[in-house]
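Residues in the sequence shown are numbered from 815 upward in steps of one, following the working numbering. All C-beta atoms, glycine included, are put in the ideal place defined by N, C-alpha and C. It should be emphasised that the depicted structure is a prediction, and the values quoted were computed from it without experimental measurement. Notes for the one structure printed next.
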Amino acid sequence: MAEPWDIVDDKPEPPPEERTDDGLGALRIRAIVNERRAAYRRLLWARAVAFLFGCAAIMTGLDVLRVSGSERLWFAIASSLLVLLTVRACLRLRRFALKSPAMDLSRPDPAALSRLSDGSQFLRGLDNLTHRQE
């Protein structure tokens, strides 16, 4: 005959271990990749705008030489404004420069290396353990 008493474990389950490591998870890698893509895209558009302003300034500058009369003044004003916009766009390109991760490749201070242990204290500890057991 079967037991009428079912044993139920009342102990609560331990909470899942919270990840405190600084490793790169899939979401973090995806976020970094998307951020880099967006930075490249912004830089491309900023260069395109500066290029278009420059081309427009050259074209209106050539029109200054082609036309005569009062139109020449308007084309000269438009050309000078487009030159100013081109210069401003070129100066603002620095804002869109990509930031590379800074890696410190310099050599460590030799004094800091001399303070490191050579591991001999662990060897002494192991020797002490083996001598106690004998």
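Buried or exposed by the 16-neighbour rule on C-beta atoms within 10 Å, applied to residue i
i, result
"Ser809", "A question about residue 809 goes unanswered here, because the residues of the chain that appear run from 815 up to 948."
"Ala864", "buried"
"Ala925", "exposed"
"Ala871", "buried"
"Ser920", "exposed"
"Ser884", "exposed"
"Leu896", "buried"
"Thr900", "buried"
"Phe936", "exposed"
Proximity below 9 Å, CB of residue i to CB of residue j
i, j, result
"Lys913", "Ala853", "yes"
"Arg850", "Leu907", "no"
"Phe867", "Ala892", "no"
Closer than 8 Å: residue i CB and nearest the ligand COA heavy atom
i, result
"Leu896", "With respect to small molecules bound, the structure shown includes none, and the ligand COA cannot be examined in it."
Own chain, CB closer than 7 Å to residue i, minus 5 neighbours either side, in chain order
i, result
"Phe889", "Thr874, Asp877, Val878 and Val881"
Simplified DSSP assignment, three categories, for residue i
i, result
"Gly875", "helix"
"Ala911", "coil"
"Trp888", "helix"
"Leu927", "helix"
"Gly953", "In this structure the chain extends from 815 to 948, so residue 953 is not present and cannot be described."
Residues near residue i in its chain [Cβ-Cβ closer than 8 Å; skip 5 each side]
i, result
"Arg856", "Phe910"
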